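**Q**
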Amino acid sequence: MKKQTIAKRGTVLLILLVILLAVSGCTSTPKPEEPAQSDEPVETGNLDNGSPWVDYDLTENIAQVKERPADAKDDLYLYANYDWLKKATIRPGFRSEGTFNTVSDEIRNMSMEVLKDKSLESEDAKMVQSFYNAWLDWDARNALGVEPVAKIIDRIKAVKDLDGLSALLCEKYLGVEHFAQFSSSTGINDPETYLYGIGPMGLFLSDSAEYSNRTEYGERREAAYRTAAEKMMAKFGYSKEETNKMMDSALALEGDLATSIMTSAESMAPDSIQRMNNEMSLEEAYALCKNYPLKAITEAWGYGHAERCLVTQPEFLKKLDTLYTQDRLEDMKNYMILCAALDNMSNLDRESYEIYVERNNAINGSTGMQPDEEVGFDLVRSSLTTPMDRAFLDKYDSTKIKEDITNICIEVVVYYREMLKEEDWLSAQTREKAIEKLDNLTINAVYPEKWRDYSGLSLDGLGYYDCIDAIGKFERDYNISKLNKKDDHELWSFDILETNAYYNPMENSINIIRGILGDAFYREDMSKEELYAGVGSIIGHEISHAFDTTGAQFDATGKLSNWWTEDDYKAFQARAQRLIDYYNTMTAFDSYQVQGNNIQKEAIADMAGLKCMLGLLSKQENPDYRVFFENFAKVWARINTREYEYICLMQDSHPLHYLRTNATVQQFEEFHQAFDIKEGDGMYLSPENRIPVW
Ligand SMILES: [Zn+2]
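742 is the number that this note's numbering gives the last residue of the sequence shown; the numbers go up by one with no jumps.
In structure tokens:
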């Protein structure tokens with residue numbers, strides 16, 4: 049499922065693939081509940097007041113370190129990354145810097161050549177260039193001002209009653225988010241077929257938990273949205289006072305709906321799939337709503353012929369139905385008006401765009417602005433993914449990289465098979481099923497062989513807002529056209545230029561794409577130690593998602609199906625719980641604790657992936673483990689603003705980067721030996737307390 053452009057507000061739980069895909073970069077999601085405390089916390093022996101290492105993802109902490117540590121015994125992350133951490137600064141408009149940024153800069157610089165090269169003649173190159181130039185054409189954008197959104201706001205303002213609102217919601221191309229999200233989505237029981245997915249809207253405060261238990265993040269986010277709303281709504285003639293009253297009204301409506309929307313911690317929990325797997329007929333879905341015009345919207349938008357329906361959160365639909373009354377009409381109108389203004393800030397004139405940047409800076413602790421050209425590329429990439437990817441590959445032949453990466457993936461899979469065979473805590477029956485799953489793994493390396501048809505889209509002569517509008521309509525029609533049809537796995541549903549990698553449990557595929565294949569991850573002249581620590585550990589990580597606490601629930605064909613014996617699954621959960629408990633003992637910065645429950649899947653994948661690469665390395669002649677571990681640490685080098693570190697700690701399914709490094713490597717004897725780690729050293733973990741799940 050394609051990701052939305054930068055204009056969207058919060059994480060939307062409808063798009064199952066996005067939730068289930070395991071991503072190796074840090075992507076943010078909303079805030080968690082308190083982690084469950086285990087009765088028997090892990091004895092670590094070296095944890096001093098719960099903080100084995102200082103959080104050097106924060107520049108203020110690294111500033112206090114005067115010299116590079118003499119060795120890696122106390123802190124591998126600091127030792128390997130000291131020089132980089134000391135020099136690194138966060139650029140204007142960014143909330144972090146790190147190895148992933150270095151690689152995405154490389155890809156962006158190459159892509160800028162595609163966007164600027166007037167000699168390129170392909171339809172793809174012409175389309176991405178015309179969109180990019182429309183983005184940069186501030187004269188035209190300023191001349192148009194906020195007029196397109198003013199027209200939408202006027203239409204919402206004119207609504208007098210529920211019938212009027214329902215008529216508006218039935219418009220397929222209204223251009224405003226409303227309360228539910230509709231799309232064709234592959235099923236969970238049958239991941240081969242597109243059914244009609246219905247899920248809740250995104251929220252201003254991003255996480256539904258913020259409406260009942262406000263955190264500093266929620267406070268900051270609300271303040272940032274209010275400031276942005278005051279400035280934007282002034283452009284449509286609203287006073288500050290009127291705007292704040294509208295915000296109060298919209299937040300009250302969201303607060304009532306939020307009680308029925310899963311929190312981000314709930315959506316990260318392993319049982320979230322079962323909770324969202326509510327497949328039903330259209331009639332059954334319609335029966336959930338007496339007031340809210342679900343049937344009319346469904347038919348008007350073109351989903352009325354759906355054979356099956358997936359309502360990810362039925363409680364939300366029921367709640368929405370109780371609120372869809374004349375009494376709440378003004379709240380609903382206020383919400384939609386604010387969405388129209390705030391979701392379009394980056395699509396309008398320069399002043400609106402600057403308000404948009406200010407709002408993001410206030411949320412992320414960033415300052416200043418990224419150059420327009422760079423933002424333009426990111427927009428092209430997210431809005432015109434296929435044409436941009438194809439134009440890139442046209443200019444930069446990547447066939448050799450594809451061959452190399454495919455071969456490395458095969459090498460890793462072959463070793464992984466050996467590794468699974470040796471998992472003697474599993475019964476032979478479960479082990480066989482695990483191996484069957486691995487044998488059926490699809491390797492998607494670098495770029496697809498088949499592409500979506502874009503011939504129906506033309507952006508010739510359009511201004512930026514009209515481009516966004518045309519692309520939005522094109523995407524909606526494409527999405528509707530997939531309903532009831534079989535999924536074509538050869539068409540990849542994501543951007544290959546993103547600096548990221550995925551495991552998709554519903555296809556049982558790993559996706560190691562072009563955008564991550566630079567710098568510390570992959571170069572043709574790398575040593576085996578560097579290669580295994582780089583893209584190797586990413587591949588190992590992604591394969592391991594097939595066997596994390598979510599992946600373990602899907603079988604070799606991508607169906608939700610339990611292939612474990614009861615005893616084996618209990619043993620697996622007990623191992624995962626030890627890992628959760630270990631992470632829960634840690635405090636990152638200030639008094640904020642690591643959320644073991646939220647990061648269990650990613651931590652399991654980190655450890656299993658590293659175990660696999662260490663096994664492969666052991667087969668080399670005279671492997672240099674120190675080089676391997678130092679390069680592994682360099683892959684995770686990163687600094688974050690304090691605000692973003694908080695978001696990563698509380699809302700992300702990945703451990704913080706200094707922990708991804710240190711807490712992962714200390715699980716392995718090879719690490720202790722390579723750096724002669726002894727009891728009393730900061731990196732020491734006694735053999736009985738080591739917890740790699742696999
Ligand atoms: Zn992952």
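Here a beta-carbon is modelled for each residue, glycine too, at the ideal position from N, C-alpha and C. In this text the structure is predicted, and so the values were computed from the model without any measurement.
#1: Is ALA653 close to ligand 1? I mean its beta-carbon at under 6 Å from any heavy atom of the ligand.
#2: Would a C-beta distance cut-off of 7 Å place VAL162 and LEU432 closer than the cut-off?
#3: Under the criterion of a Cβ to heavy atom distance below 6 Å, does GLU717 qualify as lining ligand 1?
#4: In its own chain, which residues sit with a C-beta less than 7 Å from the C-beta of ASN129, not counting the 5 before and 5 after it?
#5: Beta carbon of GLY588, beta carbon of VAL494: below 7 Å?
#6: Is DSSP giving PRO435 helix, strand or coil here?
#7: Would you check if the distance between the CB atom of ILE544 and the CB atom of ASP437 is smaller than 7 Å?
#8: Can you tell me whether ASN392 is buried or exposed? The criterion is at least 16 other CB atoms within 10 Å of its CB, across all chains shown.
#9: Using beta-carbon positions only, say whether GLY599 and PRO671 come within less than 7 Å of one another.
#10: Check GLU81 in the structure and name its three-state DSSP category.
#11: In terms of DSSP beta bridges, what is CYS357 paired with?
#12: If you check the beta carbons only, do TYR706 and TYR104 fall under 7 Å apart?
#13: If I follow the unbroken beta strand (DSSP E) through GLY146, where does it start and stop?
#14: Closer than 6 Å by C-beta to GLU691: which residues in its own chain qualify, once you throw out the five before and the five after it? Chain order, please.
#15: Do you know offhand how far PRO100's Cα is from PRO735's?
#16: For LEU69, which residues in the same chain have their Cβ closer than 6 Å to its Cβ, ignoring the five residues on either side in sequence?
#17: Buried or exposed: which applies to ARG429, given that a residue is buried once 16 or more other Cβ atoms fall within 10 Å of its Cβ?
#18: With distance defined between alpha-carbon atoms, name the residue in GLU327, TYR265, THR107 and ASP238 nearest to ASP535.
#19: Check whether the region 338-350 touches the region 261-278, taking contact to mean three or more Cβ pairs, one atom from each stretch, closer than 8 Å.
#20: Please look up how many angstroms separate the CB atoms of ILE246 and CYS357, rounded, as I've assumed it's under 8 Å.
#21: Are there 16 or more other CB atoms within 10 angstroms of the CB of GLN322, so buried, or fewer, so exposed?
#22: Distance, Cα to Cα, GLU669 vs ILE560?
#23: Can you give me the start and stop residues for the alpha helix (DSSP H) that SER214 sits inside?
#24: Starting from ARG268 and walking both ways along the alpha helix (DSSP H), at which residues does that stretch end?
#25: Buried or exposed, going by whether 16 or more other CB atoms sit within 10 Å of the CB of HIS353?
#26: Rounded to whole angstroms, what is the Cα-Cα separation between ILE236 and ASN326?
#27: Residues bridged to LYS530 by DSSP?
#28: With DSSP collapsed to three states, give me the class of ALA128.
#29: Indicate whether GLY223 and ILE200 have their beta-carbon atoms separated by less than 7 Å.
#30: By the three-class DSSP mapping on this structure, what secondary structure does ALA636 have?
#31: Using 6 Å as the cut-off, classify the Cβ of GLU650 as near or not near the heavy atoms of ligand 1, replying yes or no.
#32: Quick check on LYS443: does DSSP put it in helix, strand or coil?
#33: Should ILE453 go down as buried or exposed, given a rule of 16 or more other Cβ atoms within 10 Å for buried?
#34: Between GLY511 and ALA636, what straight-line distance do the alpha-carbon atoms span, to the nearest angstrom?
#35: Does the Cβ of TRP611 have 16 or more other Cβ atoms within 10 Å, making it buried, or fewer, making it exposed?
#36: Roughly how far, in whole angstroms, is the beta-carbon of LEU396 from the beta-carbon of ARG139, given that I think they are within contact range, below 8 Å?
**A** Quick look at the numbers:
#1: Answer for ALA653: yes, Cβ within range of ligand 1.
#2: 7 Å or more divides the Cβ of VAL162 from the Cβ of LEU432.
#3: The closest heavy atom of ligand 1 lies 6 Å or more from the beta carbon of GLU717.
#4: Here the set comprises ALA681, LYS682 and ALA685.
#5: Judged by their CB atoms, GLY588 and VAL494 are not nearer to each other than the 7 Å cut-off.
#6: Helix, per DSSP.
#7: Yes, the Cβ-Cβ distance between ILE544 and ASP437 is below 7 Å.
#8: Classification for ASN392: buried.
#9: No, these two residues do not count as a Cβ contact at 7 Å.
#10: Note that GLU81 scores 28 on pLDDT, short of 50, meaning its location in the model is unreliable; the coordinates nonetheless yield the value given after this. DSSP places GLU81 in coil when its eight states are reduced to three.
#11: DSSP lists TYR244 and MET328 as partners of CYS357.
#12: A distance below 7 Å separates the beta carbons of TYR706 and TYR104.
#13: Unbroken beta strand (DSSP E) run through GLY146: 144-146.
#14: Taken in chain order, the residues that qualify are ASN412 and GLY413.
#15: Roughly 17 Å between the two C-alpha positions.
#16: In this prediction, LEU69 scores a pLDDT of 35, lower than 50, which makes its location untrustworthy; the coordinate-derived value is nonetheless stated afterwards. The residues TYR550 and ASN552, in chain order, have a CB closer than 6 Å to that of LEU69 in the same chain once the five nearest residues on each side in sequence are set aside.
#17: Here ARG429 is buried, its C-beta having at least 16 other C-beta atoms within 10 Å.
#18: Comparing alpha carbon positions, the residue from GLU327, TYR265, THR107 and ASP238 closest to ASP535 is ASP238.
#19: With the cut-off at 8 Å, the region 338-350 and the region 261-278 do not touch.
#20: So it is a contact: roughly 7 Å between Cβ atoms.
#21: So GLN322 ends up on the exposed side.
#22: Between GLU669 and ILE560, the C-alpha separation is close to 27 Å.
#23: For SER214, the enclosing alpha helix (DSSP H) has its first and last residue at 210-217.
#24: Taken as a continuous stretch (DSSP letters only), the alpha helix (DSSP H) holding ARG268 covers 264-282.
#25: Exposed: under 16 other Cβ atoms inside 10 Å.
#26: Rounded to whole angstroms, ILE236 to ASN326 spans 9 Å at the Cα level.
#27: Bridge pairing for LYS530: absent [DSSP].
#28: Correct three-state label for ALA128: helix.
#29: Taking 7 Å as the Cβ cut-off, GLY223 and ILE200 qualify as a contacting pair.
#30: The answer is strand: DSSP assigns ALA636 an E or B state.
#31: A heavy atom of ligand 1 is found nearer than 6 Å to the CB of GLU650.
#32: In the structure shown, LYS443 sits in a helix (DSSP, three-state: H, G or I).
#33: By the Cβ-count criterion, ILE453 is buried, with 16 or more other Cβ atoms from all chains shown falling within 10 Å of its own Cβ.
#34: Between GLY511 and ALA636, the alpha-carbon positions lie close to 47 Å from each other.
#35: By the neighbour-count rule (16 or more Cβ atoms within 10 Å), TRP611 is buried.
#36: Not a contact, Cβ separation roughly 25 Å.
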